[in-house]
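**Student:**
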Amino acid sequence: KQEVTQIPAALSVPEGENLVLNCSFTDSAIYNLQWFRQDPGKGLTSLLLIQSSQREQTSGRLNASLDKSSGRSTLYIAASQPGDSATYLCAVTAYSGAGSYQLTFGKGTKLSVIP
Amino acid sequence: ETGVTQTPRHLVMGMTNKKSLKCEQHLGHNAMYWYKQSAKKPLELMFVYNFKEQTENNSVPSRFSPECPNSSHLFLHLHTLQPEDSALYLCASSQAQGAYNSPLHFGNGTRLTVT
C-alpha cells in the first residue's frame with residue numbers, strides 16, 4: 006500500500022528566506038506527483054504536476070523535483086513571502102486496477118512565513 | 722473563485738438528520754471525486770465517478786450515499802451520521818479518471834459537524 010510522508014509537519018521561516026519542503030513515498034511505481042496548496046478553510050489548489058518521466062517542474066518562485074527511484078520529491082520556494090503561508094500537500098498517482106488511478110496524499114507541511 | 726463550487730460551506734446536523742452536500746463543476750471535466758479531510762489525517766478518497774458511472778467506492782459506510790446525475794453535478798447524501806464523521810468534505814474534478822496526468826481541481830469544501 007502506497008504511503009506518502011511529508012517532513013516537517015510544520016515550518017516557520019522569516020520573510021525572504023528560501024526553503025525546501027520534503028515528500029517521500031514508499032512505492033516508486035507512480036505516474037505523477039502533484040504539489041498542492043491549501044489555505045485555512047479552503048480547498049486545495051494544484052501548484053505543480055510532475056510526470057514520472059520528468060525530473061522537475063517550475064512555476065514562478067516554485068520548483069518541484071522528483072527522484073522516482075528513491076521515492077522522493079522536494080518543493081523549493083524562493084524568496085518566501087507572507088502570502089506563501091499555507092499548508093502544502095503532495096500526492097502521488099498510481100494505478101489501482103481496472104483502469105483506475107488513485108491519488109495518495111501526505112498529511113501536509115504547514116508553512117508560516119513571518120514578516 | 723474555483724471552477725468547482727460546493728454548497729453548503731458549513732453544515733451542522735444531528736445524528737438522526739438527513740442532509741445532502743452538492744458539488745458543481747464548470748470545467749467540462751468528466752471525472753468527479755469526493756474526499757474526506759479529517760484533522761491530522763491525510764485526505765481520504767471516498768468515491769469516484771467517471772462519465773457519470775461510479776468507479777470507486779473506497780469502503781465507505783452506507784450512511785454516505787453518492788449521486789452523480791450528470792458530469793457536472795455530484796451529490797453526497799448523508800443519513801444517521803456519527804460524530805466521527807465530522808470533517809471537511811472536498812469535491813474535486815479532473816478531465817477523466819484515466820487521464821492520470823490531468824491535475825485535480827478542488828472546491829472549497831463543506832465543513833460538516835455532527836452533533
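Sequences listed follow chains A and B, in order.
Under this note's numbering, think of the first position of the first sequence as 6, with each following residue one higher.
Under this note's numbering, think of the first position of the second sequence as 722, with each following residue one higher.
We put the beta carbon where it would ideally sit given N, CA and C, even for glycine.
No experiment lies behind these values; they were computed from the predicted model shown.
1) Among the residues of its own chain, which have a CB less than 8 Å from the CB of A34(A), if the five just before and after it don't count?
2) Does the beta carbon of L54(A) sit closer than 8 Å to a beta carbon anywhere in chain B?
3) Count the CB pairs spanning the stretch 735 to 751 of chain B and the stretch 58 to 76 of chain A that are closer than 8 Å, and state whether there are at least three.
4) Taking a Cβ distance cut-off of 9 Å, strictly less, list which residues of the stretch 804 to 832 of chain B are near chain A, in chain order.
5) Count the other CB atoms, across all protein chains shown, that sit within 10 Å of the CB of S823(B); report buried if there are 16 or more and exposed otherwise.
6) Taking 8 Å as the threshold (C-beta atoms), are C789(B) and Y770(B) in contact?
7) Can you say whether L49(A) is buried or exposed, counting buried as having 16 or more other CB atoms within 10 angstroms of its CB?
8) Alpha carbon to alpha carbon, what distance is there between Q39(A) and L54(A)?
9) Jot down the residue ranges of each uninterrupted beta strand (DSSP E) in the stretch 752 to 790 of chain B, minimum 3 residues, whole runs only, in chain order.
10) Along chain B, in chain order, which residues have C-beta atoms closer than 9 Å to that of G48(A)?
11) Anything in the stretch 749 to 766 of chain B with a Cβ closer than 8 Å to a Cβ of chain A? List those residues in chain order, please.
12) Between which two residues does the beta strand (DSSP E) containing R77(A) stretch?
13) Can you pull the DSSP bridge partners for E61(A)?
14) If we define contact as Cβ-Cβ less than 8 Å, is T836(B) a contact residue for chain A?
15) Hey, quick one: how far does the beta strand (DSSP E) through E745(B) stretch, first residue to last?
16) DSSP has R832(B) in a bridge; who is on the other side?
17) Can you tell me the Cα-Cα spacing of F796(B) and G21(A), whole angstroms?
**Tutor:** In short, the structure shows the following:
1) Stepping through the first sequence from its first residue, residue 34(A) is reached at position 29. If we look at A34(A) and ignore the five residues flanking it on each side, its Cβ neighbours are A99, Y100.
2) Taking the first residue of the first sequence as position 1, residue 54(A) is located at position 49. L54(A) counts as touching chain B.
3) no
4) L809, L811, C812, A813, Q818, G819, A820, Y821, N822, S823, P824, L825, H826, F827, G828, N829, G830, R832
5) For the purposes of this step, residue 823(B) is taken as the residue at position 102 of the second sequence. It is buried - the Cβ of S823(B) has at least 16 other Cβ atoms within 10 Å.
6) The residue given as residue 770(B) occupies position 49 in the second sequence. The residue given as residue 789(B) occupies position 68 in the second sequence. It is a contact, given that the beta carbons lie within the stated cut-off.
7) On the first sequence, residue 49(A) is found 44 positions in, with the first residue counted as 1. With 16 or more Cβ atoms within 10 Å of its Cβ, L49(A) is classed as buried.
8) By 1-based counting over the first sequence, the position of residue 54(A) is 49. By 1-based counting over the first sequence, the position of residue 39(A) is 34. In a straight line, the C-alpha of L54(A) is about 4 Å away from that of Q39(A).
9) 752 to 758, 765 to 771, 774 to 778
10) By 1-based counting over the first sequence, the position of residue 48(A) is 43. Within 9 Å Cβ-Cβ: T723, V725, Q727, L809, L811, C812, A813, H826, F827, G828, N829, G830.
11) K761, K762, P763, L764, L766
12) By 1-based counting over the first sequence, the position of residue 77(A) is 72. Where R77(A) is concerned, the enclosing beta strand (DSSP E) stretches over 77 to 82.
13) As a working note, residue 61(A) is residue 56 in the first sequence. E61(A) is bridged to S70(A).
14) Position 115 of the second sequence holds residue 836(B). False, the Cβ-Cβ gap to chain A never drops below 8 Å.
15) Locating residue 745(B) in the second sequence gives position 24, where the first residue counts as 1. Its beta strand (DSSP E) spans residues 739 to 746.
16) Here the question's residue 832(B) lines up with position 111 in the second sequence. R832(B) is bridged to H731(B), L809(B).
17) Here the question's residue 796(B) lines up with position 75 in the second sequence. Here the question's residue 21(A) lines up with position 16 in the first sequence. Distance between the alpha carbons of F796(B) and G21(A) is about 43 Å.
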